[in-house]
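Enquirer:
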Amino acid sequence: MTTYTLHLPDEVDPAEPEALDRAKLVPDAFVWPAFWFSALWFFWHRLWLAGLIVLAAEIVVWLAGLALGLSTAAGFAIALLLSWLVGLEASSLRRWTYARTGRPIRDAVTASDAKEAEVKFVARWLREEGARMGSPPSRPVAPAHARSESPALGLFPEAQGQR
27 MTTYTLHLPD EVDPAEPEAL DRAKLVPDAF VWPAFWFSAL WFFWHRLWLA GLIVLAAEIV
87 VWLAGLALGL STAAGFAIAL LLSWLVGLEA SSLRRWTYAR TGRPIRDAVT ASDAKEAEVK
147 FVARWLREEG ARMGSPPSRP VAPAHARSES PALGLFPEAQ GQR
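In this text, residue positions in the sequence shown follow our numbering: the first is 27, and each later residue adds one.
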């Protein structure tokens, strides 16, 4: 199961179902395309600042490897670790960019795939819309009847006096 976050612009009103067309769904999982293509994946998703940060980190790591005289195998291992970090944090950087550009997290659900997450988001969105439009309130649940036989609480059947 993966956790998905829903990002919507600030000006969106929950009363308009068309607002879901502008929604962005972000899974909280390892992103394989970001692992393989790193900065290009960020640019593809129009995450310019995050893409530039990743590209700069890759260049700095490459230059540091050259300056330190690392072997090719060590340089490859370090680049692989950096790509692994990018794959792990790609979703977080995507959420950070959306929040910075006026698309904060509006909801989060756990689902097995993106389609199920979309169904859950739409159901919650429409339920929230119905509550705002004045749907009849649900009936209150009647409390269970308390037994008044014993005034004591806990494991002992009788209340004790002061000692």
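Note that CB positions come from ideal geometry on N, CA and C, so glycine has one too.
1. Does the region 42 to 51 come close enough to the region 133 to 149 that 3 or more CB-CB pairs lie under 8 Å?
2. Report all residues from its chain with a CB closer than 7 Å to the CB of alanine 55; omit the five preceding and five following residues, and keep chain order.
3. Could you check if alanine 140 is buried or exposed, using at least 16 other CB atoms within 10 Å of its CB as the buried criterion?
4. Could you give the distance in angstroms between the alpha-carbon of glycine 128 and the alpha-carbon of leucine 111?
5. The beta strand (DSSP E) that contains threonine 29, what's its start and end?
6. In the DSSP output, which residue or residues are listed as bridge partners for proline 59?
Expert: The structure says:
1. yes
2. Thr28, Ser117
3. Counting C-beta atoms within 10 angstroms of its own C-beta, alanine 140 has fewer than 16 neighbours from the protein chains shown and is therefore classed as exposed.
4. 26 Å
5. 28 to 33
6. According to DSSP, which records beta bridges pairwise, proline 59 is partnered with nothing at all.
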